[in-house]
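Following: one structure in structure tokens, then a few remarks.
There are 2 protein chains.
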Amino acid sequence: MFNIRSLFSTLALVGATTVASAASWEALPEKAPAPADNPTTAARVELGRVLYHDPRLSSTGTVSCSSCHNTMLGGEDNRPVAMGVNGQTGGRSAPTVWNAAFNATQFWDGRAPSLEEQAKGPVTNPIEMGMKSWDDVVARLKQIPGYQAAFQKAFGNGDSITMDNSAKAIAAYERTLITPNSPYDKYVKGNKKALSEQQVRGMDTFAESGCVGCHSGPAFSGQMEQGAGVFQKFPMHDNGFFEAKYKLKKDSGRFAETGKEADKHMWKVPTLRNVALTAPYFHNGTVKTLDAAIKVMAKLQLNKDLTAEQVADIEAFLNGLTGTFPEQKMPHLPPTPGKTFN
Amino acid sequence: MFNIRSLFSTLALVGATTVASAASWEALPEKAPAPADNPTTAARVELGRVLYHDPRLSSTGTVSCSSCHNTMLGGEDNRPVAMGVNGQTGGRSAPTVWNAAFNATQFWDGRAPSLEEQAKGPVTNPIEMGMKSWDDVVARLKQIPGYQAAFQKAFGNGDSITMDNSAKAIAAYERTLITPNSPYDKYVKGNKKALSEQQVRGMDTFAESGCVGCHSGPAFSGQMEQGAGVFQKFPMHDNGFFEAKYKLKKDSGRFAETGKEADKHMWKVPTLRNVALTAPYFHNGTVKTLDAAIKVMAKLQLNKDLTAEQVADIEAFLNGLTGTFPEQKMPHLPPTPGKTFN
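Protein chains in written order, with our numbering: chain A, 1 to 342; chain B, 1 to 342.
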């Protein structure tokens with residue numbers, strides 16, 4: 001669980017600017033915790049898997065949760081910004097659903113305190129899934145016999161098809177989307193051959209440069225130790241060249257949600273798990289490659305110019321955070337025999 | 001395999017207007033035939049499954065074959081007309097991929113002689129998947145290490161990533177998308193309880209009314225006995241009321257492809273397998289429900305006004321054509337670590 005060399009070098013070089021736990025290298029848990037009122041039962045997971053992949057939760061019948069948070073890919077869409085119903089696009093890139101269960105808050109600006117709350121948002125967002133209201137969604141679901149049965153199995157008899165139960169089922173399913181056993185995880189568990197020499201060098205550079213100050217803990221998100229309410233300013237350091245190229249300050253981040261001056265350009269620290277699979281990068285998806293993203297982060301957050309070798313080493317290390325994706329069966333979406341919503 | 005009562009009643013009532021084989025009730029084969037140059041090997045099926053679900057085969061990275069021919073639903077999208085990249089729509093409804101392997105020709109107008117030829121079309125159609133050319137598609141695939149390995153496994157070493165091999169793999173996968181063991185299949189194999197009394201009545205009405213004249217054979221498409229080159233005019237009989245409502249003559253069908261006067265409003269007879277799952281109906285998807293589709297067909301093709309009971313019986317029978325969908329594992333789409341196409 002622990003790389004003593006890296007811990008020491010981190011403490012020595014990064015010192016007081018880093019939280020002490022930051023350099024304790026930890027493997028990803030194989031299971032995600034669940035809230036008391038939404039245990040991860042098989043029936044909820046199965047219902048959630050179906051809802052998650054059902055495009056009939058969108059106004060056009062073309063966009064499911066999985067369209068933008070694609071579990072066949074790295075949990076998102078590899079696009080700068082997501083594309084919702086009728087080809088509409090917004091200003092932010094779809095975050096990965098893999099290991100989202102370990103985030104303390106959801107969305108780039110952390111405005112949702114749980115997976116359950118997050119799941120309610122995109123369905124009625126006019127440029128995402130475009131449903132007019134959750135009442136409309138519930139009315140649709142109630143017309144599908146297979147959903148009536150699945151909701152009852154997951155939530156008991158009675159009026160079980162509700163927005164809250166839909167969100168709970170989707171969240172329960174998302175709690176199973178964990179990718180343990182990356183080369184990094186194997187390495188910190190004791191298999192010293194799981195990472196290459198270059199990757200270990202990159203791991204040290206990652207710690208020594210200060211990346212681990214924010215990207216700490218098993219998910220490299222800071223959130224598993226520090227919990228909710230921890231946000232970071234991005235960019236920390238102004239840079240005209242990068243700003244002209246990547247427009248990172250165009251979006252005011254958490255400020256747009258809270259209206260508080262202190263929240264300007266504040267963002268949740270995203271996980272680095274499977275980061276190699278989630279290009280393009282950052283909240284607006286303007287940085288196309290991982291090596292460019294590493295350079296941008298070093299300059300804008302740490303005011304450091306990394307050498308080409310350091311960038312390559314960190315990139316190699318980050319590739320070691322790509323985990324094992326659980327095998328999933330493809331759901332059958334329950335039909336509406338002889339009719340359609342669209 | 002054979003319902004002698006229905007055969008006799010069909011021959012008696014429909015007589016010379018129906019081909020003799022039409023009323024021989026046959027179960028769906030469990031396997032689809034493959035062309036000599038594209039055997040359905042495990043490696044080709046697996047590669048095809050991945051390609052089929054990969055949205056990176058579209059210009060925006062949002063549309064895969066499965067977006068419109070959704071294997072989690074009834075093999076299509078339950079929309080009037082499909083929605084391609086950037087929310088664009090065309091004039092025709094997406095046909096089901098389930099059992100498409102038993103079609104003698106592909107597309108509504110039968111312009112593709114094989115699954116292989118069909119698979120090449122939508123990828124470069126500007127309103128469907130929107131890629132500029134197959135050269136661009138091949139260039140993308142060549143940058144994905146996992147595809148390099150999968151194409152070699154399926155097609156041998158050397159320059160195996162090609163348009164033709166992509167189409168072959170997708171076609172091989174599609175040949176596994178067969179839905180046998182519907183209530184109807186069980187019934188014709190001897191389980192007389194597999195269909196309800198109403199469904200058997202509907203089966204007889206289906207034959208006696210003449211539906212089976214075109215919708216014949218194991219796939220109810222005419223094509224398994226009659227092969228390619230068999231098209232039917234639709235509508236056969238003019239009807240101002242239905243035309244005003246459903247605009248079925250707006251599209252000239254096969255004429256748009258061939259330019260021949262004789263091909264005006266000629267269409268391939270679509271399969272009725274799983275027809276209960278593929279609303280809305282017809283080439284332009286203007287008829288929203290199966291019962292309405294039955295009335296429209298009887299009037300426009302057979303010039304018959306069915307009673308409400310006859311329509312309900314035929315609908316019950318058609319629901320008996322919903323088969324068993326094979327369990328499928330969800331593919332992992334091979335990544336492009338650290339970069340993206342979009």
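In this text, a Cβ means the ideal position worked out from N, Cα and C, and glycines have one as well.
Being a predicted model, the structure only gives us computed values, none of them experimental.
Subject >> Euclidean distance between Cα positions of B/P337 and A/K193 >> reply: Here residue 337 of chain B refers to the residue found at position 337 of the second sequence. Here residue 193 of chain A refers to the residue found at position 193 of the first sequence. Answer to the nearest angstrom: the Cα atoms are 21 Å apart.
**OP:** For B/Q199, count neighbouring C-beta atoms within 10 Å of its own C-beta (all shown protein chains included) and say buried if the count is 16 or more, exposed if not.
**Re:** Walking along the second sequence from the start, residue 199 of chain B turns up at place 199. Looking at its Cβ environment, which holds 16 or more other Cβ atoms inside 10 Å, B/Q199 is buried.
**OP:** Go through its chain and collect everything with a Cβ distance to A/A219's Cβ below 7 Å, but skip five positions before and after it.
**Re:** Start at 1 with the first residue of the first sequence, and residue 219 of chain A comes out as number 219. Excluding five sequence positions before and after A/A219, the CB atoms of its chain that fall closer than 7 Å to its own CB belong to L28, N99, F102, T271 and R273, given in chain order.
**OP:** Mind checking the stretch 76-97 of chain A against chain B and listing, in chain order, the residues whose C-beta falls within less than 8 Å of any C-beta there?
**Re:** The stretch 76-97 of chain A vs chain B, Cβ under 8 Å: D77, N78, R79, P80, M83, V85, N86, G87 and Q88.
**OP:** For the alpha helix (DSSP H) holding A/Q232, just list the boundary residues, first then last.
**Re:** The residue given as residue 232 of chain A occupies position 232 in the first sequence. Per DSSP, A/Q232 lies in no alpha helix (DSSP H); the unbroken beta strand (DSSP E) holding it starts and ends at F231 to K233.
Original post:
What residues from chain A crowd round B/T205, counting only those whose CB sits closer than 8 Å?
Top reply: Here the question's residue 205 of chain B lines up with position 205 in the second sequence. Per Cβ cutoff of 8 Å: no residues; B/T205 is ~17 Å from chain A at best.
**OP:** Kindly indicate the opening and closing residues of the alpha helix (DSSP H) around B/K268.
**Re:** For this step, residue 268 of chain B is matched to residue 268 along the second sequence. For B/K268, no alpha helix (DSSP H) run applies; the uninterrupted beta strand (DSSP E) run containing it begins and ends at M266 to K268, by DSSP.
Original post:
What number of angstroms, rounded off, separates the C-alpha of B/M131 from the C-alpha of B/K168?
Top reply: Within the second sequence, residue 131 of chain B is the residue found at index 131, counting from 1. Within the second sequence, residue 168 of chain B is the residue found at index 168, counting from 1. Distance between B/M131 and B/K168, taken at the CA atoms: about 19 Å.
Original post:
Whose CA, out of B/A104, B/N70 and B/P113, lies closest to the CA of B/S93?
Top reply: The residue you call residue 93 of chain B lines up with position 93 of the second sequence. Answer by Cα proximity: B/N70.
Original post:
Is it right to say A/N284 is buried, meaning 16 or more other beta carbons lie within 10 angstroms of its own, or is it exposed?
Top reply: Working through the first sequence from its first residue, we reach residue 284 of chain A at position 284. By the neighbour-count rule (16 or more Cβ atoms within 10 Å), A/N284 is buried.
**OP:** Measure the Cβ-Cβ separation of B/A34 and B/A119 and say whether it is below 8 Å.
**Re:** On the second sequence, residue 34 of chain B is found 34 positions in, with the first residue counted as 1. On the second sequence, residue 119 of chain B is found 119 positions in, with the first residue counted as 1. Going by beta carbons, B/A34 and B/A119 fall outside the 8 Å limit.
**OP:** Determine whether the Cβ of B/K329 lies closer than 8 Å to any Cβ atom of chain A.
**Re:** To locate residue 329 of chain B, count along the second sequence from 1; it is residue 329. For B/K329, a Cβ of chain A is located within less than 8 Å of the residue's own Cβ.
Original post:
What does B/L248 reach in chain A if we use C-beta pairs closer than 8 Å?
Top reply: The count along the second sequence starts at 1 and reaches residue 248 of chain B at position 248. Under the 8 Å cutoff, chain A gives no residues; its nearest Cβ is about 18 Å from B/L248.
Subject >> Chain-ordered chain B contacts of A/H332 [CB-CB under 7 Å] >> reply: In the first sequence, residue 332 of chain A corresponds to position 332, counting from 1. What A/H332 touches in chain B: M72 and F325.
Subject >> DSSP state of B/G146 mapped onto helix, strand, coil >> reply: Counted from its first residue, the second sequence places residue 146 of chain B at position 146. DSSP places B/G146 in helix when its eight states are reduced to three.
Original post:
Is it true that the stretch 312-330 of chain B meets the stretch 195-211 of chain B, where meeting means three or more beta-carbon pairs spaced less than 8 Å apart?
Top reply: The stretch 312-330 of chain B, when compared against the stretch 195-211 of chain B, does touch it at the 8 Å Cβ threshold.
**OP:** Provide the residue span of the alpha helix (DSSP H) that contains B/E128, from first to last.
**Re:** On the second sequence, position 128 is the one that residue 128 of chain B refers to. Premise fails: B/E128 is in no alpha helix (DSSP H) and is neither H nor E.
**OP:** Might you give, ordered along the chain, the residues of its own chain that have their beta carbon closer than 6 Å to the beta carbon of A/K264, omitting 5 neighbours on each side?
**Re:** By one-based count along the first sequence, residue 264 of chain A stands at place 264. Here A/K264 has S252 and F255 as same chain residues with Cβ atoms under 6 Å from its own Cβ, once five neighbours each way along the sequence are excluded.
**OP:** Quick one: which residues of the stretch 271-290 of chain B get their C-beta closer than 7 Å to a C-beta of chain A? List them in chain order.
**Re:** Residues passing the 7 Å Cβ filter: A276, L277, A279, P280, K288, T289 and L290.
**OP:** Output, in sequence order along the chain, the residues in the stretch 98-131 of chain A whose CB is closer than 7 Å to any CB in chain B.
**Re:** The stretch 98-131 of chain A vs chain B, Cβ under 7 Å: nothing.
Subject >> Complete runs of the beta strand (DSSP E) confined to the stretch 248-322 of chain B [at least 3 residues] >> reply: You should have 266-268.
**OP:** Would you please state the rounded distance, in angstroms, between the beta carbons of A/V275 and A/L290? I believe it to be under 8 Å.
**Re:** Working through the first sequence from its first residue, we reach residue 275 of chain A at position 275. Working through the first sequence from its first residue, we reach residue 290 of chain A at position 290. Correct: roughly 7 Å between the Cβ atoms.
**OP:** Please state if the CB of B/S209 and the CB of B/A298 are separated by a distance shorter than 8 Å.
**Re:** Numbered from its first residue, the second sequence carries residue 298 of chain B at position 298. Numbered from its first residue, the second sequence carries residue 209 of chain B at position 209. Cβ atoms of B/A298 and B/S209: closer than 8 Å.
Subject >> Test item: CB-CB of B/E128 and B/N38 under 8 Å >> reply: By one-based count along the second sequence, residue 128 of chain B stands at place 128. By one-based count along the second sequence, residue 38 of chain B stands at place 38. The answer is no: Cβ separation not under 8 Å.
Original post:
Taking three-plus beta-carbon pairs below 8 Å as touching, is the stretch 144-159 of chain B in contact with the stretch 62-77 of chain B?
Top reply: Between the stretch 144-159 of chain B and the stretch 62-77 of chain B there are fewer than three C-beta pairs closer than 8 Å, too few to call the two in contact.
Subject >> Cα-Cα separation between A/G227 and A/A104, rounded to whole angstroms >> reply: Locating residue 227 of chain A in the first sequence gives position 227, counting from the first residue. Locating residue 104 of chain A in the first sequence gives position 104, counting from the first residue. Each residue's Cα considered, the two are about 5 Å apart.
Subject >> Beta carbon proximity, B/E315 to chain A, threshold 8 Å >> reply: In the second sequence, the residue the question calls residue 315 of chain B occupies position 315. At least one chain A Cβ lies under 8 Å of B/E315.
Subject >> Whole-angstrom distance between B/C65 and B/Q232, CA atom to CA atom >> reply: Stepping through the second sequence from its first residue, residue 232 of chain B is reached at position 232. Stepping through the second sequence from its first residue, residue 65 of chain B is reached at position 65. So the alpha carbons of these two residues sit roughly 27 Å apart.
Original post:
Is it the case that the Cβ atoms of A/A244 and B/T340 are separated by a distance below 8 Å?
Top reply: Position 244 of the first sequence, counting from 1, holds the residue named residue 244 of chain A. Position 340 of the second sequence, counting from 1, holds the residue named residue 340 of chain B. No, Cβ-Cβ distance for A/A244 and B/T340 is not below 8 Å.
**OP:** Please look up how many angstroms separate the CB atoms of B/K329 and A/E309, rounded, as I've assumed it's under 8 Å.
**Re:** One-based indexing of the second sequence puts residue 329 of chain B at position 329. One-based indexing of the first sequence puts residue 309 of chain A at position 309. Rounded, the Cβ-Cβ distance is 41 Å, inconsistent with contact.
Subject >> Residue-level contact to chain B via CB, A/K245, 8 Å cutoff >> reply: Residue mapping note: residue 245 of chain A aligns to position 245 of the first sequence, counting from 1. Taking Cβ atoms only, chain B never reaches closer than 8 Å to A/K245, which makes this a no.
Subject >> B/P183: contacting residues in chain A (beta-carbon distance under 7 Å) >> reply: Against the second sequence, residue 183 of chain B aligns to sequence position 183. Using a Cβ-Cβ cut-off of 7 Å, B/P183 is close to nothing in chain A; its nearest Cβ partner there is about 12 Å away.
Subject >> chain B contact residues for A/K299, given Cβ-Cβ distances below 8 Å >> reply: Translated into the one-based positions of the first sequence, residue 299 of chain A becomes position 299. For A/K299, no chain B residue has a Cβ inside 8 Å of its Cβ, as the nearest lies near 18 Å away.
Original post:
Under three-state DSSP, which class holds B/M83?
Top reply: Residue mapping note: residue 83 of chain B aligns to position 83 of the second sequence, counting from 1. DSSP, read as helix, strand or coil, puts B/M83 in strand.
Original post:
Nearest-angstrom Cα distance between A/A150 and A/G213?
Top reply: Reading the first sequence from its first residue, position 150 is the one you call residue 150 of chain A. Reading the first sequence from its first residue, position 213 is the one you call residue 213 of chain A. Annotation: A/A150 to A/G213 spans about 44 Å, alpha carbon to alpha carbon.
Subject >> B/K388: contacting residues in chain A (beta-carbon distance under 8 Å) >> reply: Since the first residue shown for chain B is 1 and the last is 342, residue 388 of chain B is missing from the structure and cannot be characterised.
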